[in-house]
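Novice:
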Amino acid sequence: MVIAPSILAGDFSKFARELKRVEKSGTDWVHLDVMDGHFVPNLTFGPQVVANARPHSDLFFDTHLMCSKPEILLEPFAKAGSDLITVHVELEDQVASLLWKIRSLEKQVGLAVNPPTAIEKVKPYLEKIDLLLVMTVNPGFGGQSFIEECVPKIQQVYQWREELGLDFRIEVDGGVNQQTAAECARAGADTFVAGSALFGQRSLTRAVKKMHKTVTQVSEGYQK
Ligand code: DX5
Ligand code: ZN
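Each residue of the sequence shown is one higher than the last, beginning at 234 in this note's numbering.
(1) Work out the CA separation of Ile318 and Lys312 for me, nearest whole Å.
(2) Go through its chain and collect everything with a Cβ distance to Gly373's Cβ below 8 Å, but skip five positions before and after it.
(3) With contact counted as at least three CB pairs below 8 Å, one residue from each stretch, are the region 374-394 and the region 322-341 in contact?
(4) Quick one: residues in its chain with C-beta nearer than 7 Å to the C-beta of Pro282, no 5 flanking neighbours on either side, listed in chain order?
(5) Leaving out five residues before and five after Ala286 in sequence, what residues of the same chain have Cβ atoms less than 7 Å from its Cβ?
(6) Using C-beta distances below 7 Å, list every residue in its chain close to Gln450, excluding the 5 sequence neighbours before and after it, in chain order.
(7) Using CA coordinates, which residue listed in Phe425, Ala427, Lys361 and Arg435 is at the minimum distance from Leu399?
(8) Would you mind giving the Cβ-Cβ distance between Leu397 and Ser258, rounded to the nearest angstrom? I have them listed as a contact below 8 Å.
(9) For the alpha helix (DSSP H) holding Pro309, just list the boundary residues, first then last.
(10) Under the rule that 16 or more other beta-carbon atoms within 10 Å means buried, what is Arg254, buried or exposed?
(11) Compute every distance between the C-beta of Gly175 and the non-hydrogen atoms of the ligand DX5, then say whether any falls below 7 Å.
(12) Can you say whether Phe218 is buried or exposed, counting buried as having 16 or more other CB atoms within 10 angstroms of its CB?
(13) As an exercise, report each continuous alpha helix (DSSP H) stretch of at least 4 residues that is fully enclosed by the region 296-361, in chain order.
(14) Is the closest heavy atom of the ligand DX5 to the C-beta of Phe310 under 7 Å?
(15) Helix, strand or coil, according to DSSP, for Ala422 in the structure here?
(16) Measure the C-alpha to C-alpha separation of Ala440 and Leu431 and round it to an integer number of angstroms.
(17) Judging by CA-CA distance, which residue of Val355, Ile305 and Gly376 is the nearest neighbour of Leu366?
(18) Please name the residue or residues paired with Arg402 in a DSSP beta bridge.
(19) Does the Cβ of Ala422 lie closer than 7 Å to at least one heavy atom of the ligand DX5?
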């Protein structure tokens with residue numbers, strides 16, 4: 234079970250310090266939200282910020298590209314020090330070549346699916362990925378409410394993974410708090426992105442540890 238605090242909810246003027254805070258909270262992952270102002274109606278940061286941050290952190294850089302043209306960004310992010318790069322299945326006919334390109338850059342491969350998109354769209358790619366990201370809000374902004382209708386998608390992906398004997402991670406992102414994380418864990422998620430629910434607490438460390446404990450307990454019950 235992995236908790237990936239989303240830096241989007243941190244203070245961008247203190248990027249390196251926020252990464253240290255995440256590292257000290259006891260988790261190994263940080264989630265980096267890259268928005269291009271086109272695929273989503275918001276902008277964040279590019280590869281230069283990641284490259285500057287890299288020497289300050291040993292965290293696993295889980296890089297979520299919410300971008301219409303990720304092909305121009307894959308190499309820059311790979312060079313900047315991203316460990317995993319996720320692109321969206323909504324990019325349709327570009328998806329296969331994007332996944333291949335990430336693999337060829339020797340990075341872990343992620344595929345994300347937005348709430349309105351049918352989960353069947355990801356099925357052809359399951360053998361090619363290390364992580365499937367089920368979006369539980371419409372991407373673009375932190376602090377939105379969890380969309381309950383996305384939970385059956387997690388169950389479906391979990392079932393496909395079992396049937397196909399694969400081992401990609403199942404990540405959820407958007408409106409994940411202590412309660413919804415437990416619900417997602419019950420449905421089969423193993424990787425939890427959370428921004429406002431963690432950074433909004435006085436102690437990030439306590440919030441991360443609590444979420445980790447909750448989802449671990451749920452999954453231990455689940456797998457018997
Ligand atoms: C949403 C981003 C999320 C965001 C989640 O577009 O992909 O990673 O940081 O924020 P919370 O946890 O506040 O919903
Ligand atoms: Zn994200």
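Glycine included, every Cβ here is placed at the ideal spot set by N, Cα and C. Just so we're clear, the structure is a prediction, and the values are computed from it rather than from any experiment.
Specialist: Let me lay it out:
(1) The count along the sequence shown starts at 1 and reaches residue 312 at position 79. The count along the sequence shown starts at 1 and reaches residue 318 at position 85. Taking the straight line from one Cα to the other gives about 12 Å.
(2) Translated into the one-based positions of the sequence shown, residue 373 becomes position 140. Excluding sequence neighbours, Gly373 sits near Met268, Val273, Pro274, Asn275 and Met299.
(3) The answer is no - the region 322-341 does not touch the region 374-394, with fewer than three Cβ pairs under 8 Å.
(4) Position 49 of the sequence shown holds residue 282. The amino acid occupying residue 282 in the given sequence is Val; Pro does not appear at that position. Taken in chain order, the residues that qualify are Phe248.
(5) Position 53 of the sequence shown holds residue 286. Hits under 7 Å: Phe248, Ala249 and Leu252.
(6) As a first step, residue 450 is located in the sequence shown; it is residue number 217 there, counting from the start. For Gln450, where only same-chain residues beyond five positions count, there are no Cβ hits under 7 Å.
(7) Working through the sequence shown from its first residue, we reach residue 399 at position 166. Checking every option, the nearest Cα to that of Leu399 belongs to Lys361.
(8) Counting from one through the sequence shown, the residue named residue 397 turns up at place 164. Counting from one through the sequence shown, the residue named residue 258 turns up at place 25. About 34 Å separates the two Cβ atoms, so there is no contact after all.
(9) On the sequence shown, position 76 is the one that residue 309 refers to. For Pro309, the enclosing alpha helix (DSSP H) has its first and last residue at Leu307 to Ala313.
(10) Position 21 of the sequence shown, counting from 1, holds the residue named residue 254. Answer is buried; the Cβ neighbour count reaches 16.
(11) One cannot answer for residue 175 here, as it falls past the ends of the chain, which runs 234 to 457.
(12) What is shown of the chain runs 234 to 457, which leaves residue 218 out entirely.
(13) List check, alpha helix (DSSP H) in window: 307-313 and 328-337.
(14) In the sequence shown, the residue the question calls residue 310 occupies position 77. In this structure, the C-beta of Phe310 stays at least 7 Å away from each heavy atom of the ligand DX5.
(15) On the sequence shown, residue 422 is found 189 positions in, with the first residue counted as 1. Shown here, Ala422 sits in coil according to DSSP, grouped into three states, outside any helix or strand.
(16) Within the sequence shown, numbered from 1, the residue matching residue 440 stands at position 207. Within the sequence shown, numbered from 1, the residue matching residue 431 stands at position 198. For Ala440 and Leu431, the distance between alpha carbons rounds to 6 Å.
(17) In the sequence shown, residue 366 corresponds to position 133, counting from 1. The residue among Val355, Ile305 and Gly376 with its C-alpha nearest the C-alpha of Leu366 is Val355.
(18) Taking the first residue of the sequence shown as position 1, residue 402 is located at position 169. Note: Arg402 sits in a beta bridge opposite Leu364.
(19) Translated into positions along the sequence shown, residue 422 becomes position 189. Of the heavy atoms belonging to the ligand DX5, none sits nearer than 7 Å to the Cβ of Ala422.
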